[in-house]
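Read through the structure below, which is laid out as structure tokens, and then see the notes.
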Amino acid sequence: MNNKNIIPTVNPDEIFRIMQEDAVNATIPTGWNQGAMPCDSKENISLTSLKLHCTKCNINTAGVYKHPTDTERRCPACDSLLMYCPACRHAVSATEKFSILLCDRCQTDYVTNLTVEYLASRDRSSREIILSGIRATGALHLGIYLGAIRQFVEYELGDNLCMYFIADWHTLTTCHDPRKVSSNTIAVAMDYLAAGLNPERSIIYAQSSVPEIAELALCLSMIQSKNKLEDLPTVKDMVRSGETMSMGHLQYPVLMAADILGPKATLVPVGSDQIPNVELARDLADKFNRQFGQTFTIPRVGLRTIKIPGFKGEKMGEPTDESGISLQDHLEDISDKYARFGITDAGRKTRNDPGNPDNCVSVYPVYKVLRENKPDALQIVERECLSGTRGCKECKLELAREIDELISPFRERRAVLMNQQKYVEEILHYGGMKAREIVRHTLEEVREKMGIVSF
Ligand code: SF4
1471 MNNKNIIPTV
1481 NPDEIFRIMQ
1491 EDAVNATIPT
1501 GWNQGAMPCD
1511 SKENISLTSL
1521 KLHCTKCNIN
1531 TAGVYKHPTD
1541 TERRCPACDS
1551 LLMYCPACRH
1561 AVSATEKFSI
1571 LLCDRCQTDY
1581 VTNLTVEYLA
1591 SRDRSSREII
1601 LSGIRATGAL
1611 HLGIYLGAIR
1621 QFVEYELGDN
1631 LCMYFIADWH
1641 TLTTCHDPRK
1651 VSSNTIAVAM
1661 DYLAAGLNPE
1671 RSIIYAQSSV
1681 PEIAELALCL
1691 SMIQSKNKLE
1701 DLPTVKDMVR
1711 SGETMSMGHL
1721 QYPVLMAADI
1731 LGPKATLVPV
1741 GSDQIPNVEL
1751 ARDLADKFNR
1761 QFGQTFTIPR
1771 VGLRTIKIPG
1781 FKGEKMGEPT
1791 DESGISLQDH
1801 LEDISDKYAR
1811 FGITDAGRKT
1821 RNDPGNPDNC
1831 VSVYPVYKVL
1841 RENKPDALQI
1851 VERECLSGTR
1861 GCKECKLELA
1871 REIDELISPF
1881 RERRAVLMNQ
1891 QKYVEEILHY
1901 GGMKAREIVR
1911 HTLEEVREKM
1921 GIVSF
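Quick note, the working numbering runs 1470 ahead of the 1-based positions in the sequence shown.
Next comes the structure, spelled out in structure tokens:
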């Protein structure tokens, strides 16, 4: 985790030059094919250099590189991954972590050519490139777990390239407390992992780890009309509320477009409130393609249909006491919140009054989601509510137990991750490197097409 802000992509020419130097001085290990040497010289070979020795088993590995573009091979003796490290120029053994190579000698990490090819080939062969993000505003709640993250995990099981990020830049539109922004970024990453996302399958990263996204947003903003931004429902709501709007807030949808278009996402799962923003990204992609030539994929909206109401029937939001269930709540917290704040069927005055589940504001709609695949169990709630044989108090308690059972595995994994912050930071670091490598190619294309030259 050394080079946090740079991606030291291996330069194959440099490697080949050093390999040739080294090969001259290398002994060809018994059983190796001489033809595999990266240098034609087979005379006067002696073991005077340790540059290409596997740091794990100390076997000379000069002969395993067959082509100047080779950056990754396996040691024929111990089968560990090999890499010629341009930083320490010695190590040839590397550990693979989340498809990034970590030099065993100097611990520098690399996005190698093969990693990029691997990511690119996944792009080509995957059914979808799925992208979604969550703002780092606080502990996740039940609504976002059932409505979004459970779906993220399902996407991961298919042959998709999944990119899930923590939108820390977007968080700055409403939160200027640096400690909160940074700690919530880690917290959301922990939530992703506790919910079951697999960092070996998905690219999990913080939005700010990919500065290319900010530059792409700047380029896109040049073809985005200000009037259209001001027409977006979220912006209009803010203007109506009389709150002061920052430039960052107005620019939010363009930054979101860069999040989506940078990796050329094909499917963007969002809630209905975010549809206008994805539409704006689609329009921007289309406009850019027509003006500068085919560059962006037009993404599709993957509408999230599961909605979990808060206690008053509103969309479940921040898990403050009066609006939602945190994924870290225990049974006592959940049952207490429903008992105190959960609004049911206002028409029921006493325990034995017949009720109507369709008028139940905050309890029955959650049963409907949780028992989606258990129609018989759902019917019991309906029947007993309609007949007045089920009181709202016990109905809430039963729901609290069901929620507790659902989120307890999350809670346990989350508690373990709390003590593994370094591991979580590592996942974000490597995820950021991979995401950068993907977005970098798009940005280079955009820069070139817009006439921005690197000097
Ligand atoms: S019995 Fe259950 S479903 Fe019926 S109104 Fe009360 S809480 Fe809602």
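For every residue, glycine included, the Cβ atom is placed at its ideal position computed from N, Cα and C.
{"Check": "Cutoff 6 Å; reference residue 1585; Cβ partners in own chain excluding five residues on either side", "Outcome": "1569"}
{"Check": "For residue 1894 and residue 1660, the rounded distance between their alpha carbons", "Outcome": "7 Å"}
{"Check": "Sequence-distant residues of the same chain with beta carbon closer than 6 Å to residue 1550, five excluded per side", "Outcome": "1526 and 1563"}
{"Check": "Assigned secondary structure, residue 1564 (DSSP; H/G/I helix, E/B strand, else coil)", "Outcome": "strand"}
{"Check": "CB contact flag (residue 1748, residue 1771, <8 Å)", "Outcome": "yes"}
{"Check": "Local conformation of residue 1739 per DSSP, three classes", "Outcome": "strand"}
{"Check": "Segment contact, 8 Å Cβ cut-off, at least three pairs: the region 1733-1745 with the region 1708-1717", "Outcome": "no"}
{"Check": "Residue 1718: CB within 7 Å of a non-hydrogen atom of the ligand SF4", "Outcome": "no"}
{"Check": "Close beta carbons around residue 1579, own chain, < 6 Å, minus the five adjacent residues each side", "Outcome": "1570 and 1572"}
{"Check": "Classification of residue 1731 by the beta-carbon crowding that lies within 10 angstroms, buried from 16 upward", "Outcome": "buried"}
{"Check": "Burial state of residue 1930, where buried means 16 or more other Cβ atoms lie within 10 Å", "Outcome": "Absent from the structure is residue 1930, since the part of the chain shown begins at 1471 and ends at 1925."}
{"Check": "For residue 1857, three-class secondary structure by DSSP", "Outcome": "helix"}
{"Check": "Where residue 1762 sits in the DSSP three-state scheme", "Outcome": "helix"}
{"Check": "C-beta contact flag for residue 1833 and residue 1812 at 8 Å", "Outcome": "yes"}
{"Check": "Straight-line gap, residue 1862 to residue 1816 (C-alpha atoms, nearest Å)", "Outcome": "11 Å"}
{"Check": "Proximity of residue 1612 and residue 1776 at Cβ, strictly below 8 Å", "Outcome": "no"}
{"Check": "Cβ pair count under 8 Å reaching 3, the region 1877-1885 against the region 1842-1853", "Outcome": "no"}
{"Check": "Three-state secondary structure (DSSP) of residue 1672", "Outcome": "strand"}
{"Check": "Residue closest to residue 1699, alpha-carbon to alpha-carbon, out of 1689, 1681, 1603 and 1722", "Outcome": "1722"}
{"Check": "With 16 other Cβ atoms within 10 Å as the buried cut-off, status of residue 1672", "Outcome": "buried"}
{"Check": "Residue 1610 versus 1880, 1523 and 1922, residue with shortest Cα-Cα distance", "Outcome": "1880"}
{"Check": "Test item: CB-CB of residue 1866 and residue 1805 under 8 Å", "Outcome": "yes"}
{"Check": "Any non-hydrogen atom of the ligand SF4 closer than 7 Å to residue 1439 Cβ", "Outcome": "The structure shown has nothing for residue 1439, since the chain only spans 1471 to 1925."}
{"Check": "Residue range of the unbroken alpha helix (DSSP H) whose run includes residue 1602", "Outcome": "Residue 1602 -> not in any alpha helix (DSSP H); beta strand (DSSP E) instead, spanning 1599-1605."}
{"Check": "Span of the beta strand (DSSP E) around residue 1623", "Outcome": "Here residue 1623 belongs to no beta strand (DSSP E); instead the alpha helix (DSSP H) covers 1620-1627."}
{"Check": "Residue 1911 - DSSP class collapsed to helix/strand/coil", "Outcome": "helix"}
{"Check": "Whole-angstrom C-beta distance between residue 1733 and residue 1908, which should lie under 8 Å", "Outcome": "5 Å"}
{"Check": "For residue 1924 and residue 1524, the rounded distance between their alpha carbons", "Outcome": "38 Å"}
{"Check": "Near the ligand SF4: residue 1853 beta-carbon under 7 Å from a heavy atom", "Outcome": "no"}
{"Check": "Contact set, the ligand SF4 heavy atom to C-beta under 5 Å", "Outcome": "1814, 1815, 1825, 1827, 1830, 1833, 1834, 1855, 1860, 1862 and 1865"}
{"Check": "Cut-off 7 Å between Cβ atoms - residues of its own chain near residue 1869, not counting five sequence neighbours on either side", "Outcome": "1808, 1833, 1836 and 1837"}
{"Check": "Enclosing alpha helix (DSSP H) for residue 1880 [first to last residue]", "Outcome": "1862-1888"}
{"Check": "Neighbourhood of residue 1621 by C-beta, 7 Å cutoff - its chain only, sequence neighbours within 5 removed", "Outcome": "1739 and 1774"}
{"Check": "Complete runs of the alpha helix (DSSP H) confined to the region 1751-1830 [at least 4 residues]", "Outcome": "1801-1811"}
{"Check": "Pair within 8 Å by beta-carbon distance, residue 1626 and residue 1668", "Outcome": "yes"}
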